[in-house]
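> There's a structure below that I have some questions on.
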Amino acid sequence: MTDLQVRNLRPEFGAEITGLDPVAPLDPAVVRQLRGLFRERGLLVFPNLNPDARFQTYLAEQLVDERTIDPDALHVDELHQVSNVEKIAAVPLGRLMFHSDTMWEEDGCKAISLFGKVVEPGAIPTMFVSIAHAWNTLPEGLRARVQGRFAIHCSDATDQRDTYVSDDVMVVDFGSKQRLRLPIAYPHPRTGQTVLYVSPQLTHHIEGFDHHESEPLLNALFDHMYAEQNVFTYNWRQGDLVVWDNLAIQHARPDLRADAPARTLRKTLVPAYMVEAATAPTFKATYKRFGD
């Protein structure tokens with residue numbers, strides 16, 4: 000059996016794993032070990048793994064699905080990527096505020112993986128926070144204000160933010176007016192952990208409050224969630240694979256520009272079928288140098 004070496008990246012979440020052979024299917028005992036780590040740590044980093052697209056898709060699916068996955072039966076998309084240099088790419092330029100993908104979908108994305116396909120020195124990082132840790136450490140006063148309340152999520156809420164949006168933010172248009180109502184203290188459907196389920200990118204408002212009441216409360220939550228001591232900044236290296244629980248971990252990135260060091264990350268979502276829909280949105284950074 001593969002002998003995995005595990006190193007925690009932060010006390011509250013994240014683990015680096017070496018010793019994995021990226022060949023599917025994996026030994027059932029290895030799958031059980033990885034599932035346990037994923038459930039406990041929420042984010043797994045596999046340095047210099049260099050997986051092909053099929054193994055990347057297989058691993059992410061296998062981490063959240065208790066069934067045995069047939070790697071040959073998976074939908075694999077070689078071209079779903081985040082890049083500032085490739086013509087076909089998602090969210091190519093601009094800053095992304097903290098969020099979990101598809102927060103507005105009833106049965107949305109459960110896990111995300113990114114593979115460092117092309118990463119030049121100095122490429123911008125990805126930042127992560129644990130929203131389970133955010134709930135566990137939420138001050139009592141704030142907790143009392145949101146306990147039992149619901150937030151409304153949509154495909155882009157950047158126009159609602161009073162203080163968190165600057166002109167480098169990437170606006171993503173999914174062409175969807177869909178909204179989803181979920182408890183702010185949201186029980187993770189797989190782990191049972193309570194997570195603080197709001198984000199500046201995708202949370203429209205807190206139900207029962209008007210904008211002038213909702214925004215200050217959301218901003219207080221954001222200040223707690225994204226405080227510097229809670230953020231794990233991951234500096235990409237070519238060949239690395241990162242997989243995280245989309246319902247327990249939020250991600251963001253600094254401003255990504257076309258003239259910045261190349262950064263092409265191959266992306267998979269779980270369920271894998273969602274990848275096809277992910278090519279549909281349009282992306283626009285709001286700063287004037289990119290125009291309308």
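Per numbering that gives the first Met the number 0, residue 0 is the first one in the sequence shown, and the count goes up by one each step. Where a beta carbon is used, it is the ideal one built from N, C-alpha and C, also for glycine. Note that the coordinates shown come from a computational prediction; the quantities given were computed from them, not determined experimentally.
Suppose the cutoff is 6 Å on Cβ atoms and the five residues either side in sequence are ignored; what does the same chain contact list for Gln177 look like?
Trp103
> Could you check the C-alpha separation between Arg66 and Val269 for me, to the nearest Å?
Just so you know, the alpha carbons of Arg66 and Val269 end up roughly 14 Å apart.
> On the three-state DSSP scale, how would you describe Arg155?
Going by the sequence as given, residue 155 is Asp instead of Arg. Of the three classes helix, strand and coil, the one that applies to Asp155 here is coil, per DSSP.
> Using 9 Å as the threshold, is the C-beta distance between Gly115 and Asp254 below it?
Against a cut-off of 9 Å, the Cβ pair of Asp254 and Gly115 comes out as no contact.
> I need the DSSP call for Leu220, collapsed to helix, strand or coil.
helix
> Could you check if Ala138 is buried or exposed, using at least 16 other CB atoms within 10 Å of its CB as the buried criterion?
Note that residue 138 corresponds to Pro in the displayed sequence, not to Ala. Per the 10 Å Cβ criterion, exposed.
> Can you check whether the CB of Trp134 is closer than 9 Å to the CB of Thr193?
Yes, these two residues count as a Cβ contact at 9 Å.
> Beta-carbon within less than 6 Å of Glu119's beta-carbon, same chain only, minus the 5 sequence neighbours each way: which residues are those?
Pro260, Ala261
> Taking only beta-carbon positions, decide if Ala143 is within less than 9 Å of chain B.
Among the chains of the structure shown, chain B does not appear; only one protein chain is present.
> Roughly how many angstroms separate the alpha carbons of Val197 and Pro24, rounded to a whole number?
Using only the alpha carbons, I get a separation of about 36 Å.
> Measure the beta-carbon distance from Val30 to Gln61 and round it to whole angstroms, keeping in mind my assumption that it falls under 8 Å.
6 Å
> Helix, strand or coil: which one does DSSP assign to Phe231?
Phe231 falls in the strand class under three-state DSSP.
> Classify Ala276: buried if its beta carbon has 16 or more other beta carbons within 10 angstroms, exposed otherwise.
Residue placement at Ala276 is poorly supported in this model, since its pLDDT is 43, which falls under 50; the coordinates still yield a value, given next. With fewer than 16 other Cβ atoms within 10 Å, it is exposed.
> So what does DSSP say about Pro186, is it helix, strand or coil?
strand
> At 3 residues or longer, and completely inside the stretch 87-144: list those beta strand (DSSP E) runs for me, N to C.
93-98, 110-118, 125-129
> Pull up the CB-CB distance for Arg265 and Asp167, whole angstroms please, since I reckon it's below 8 Å.
Actually they do not touch by this definition, with Cβ atoms about 24 Å apart.
> Please report the Cβ distance between Gln228 and Ala156, rounded to the nearest whole angstrom; I am assuming they are in contact, meaning their Cβ atoms lie under 8 Å.
Going by Cβ atoms, the distance from Gln228 to Ala156 rounds to 25 Å, so no, they are not a contact pair.
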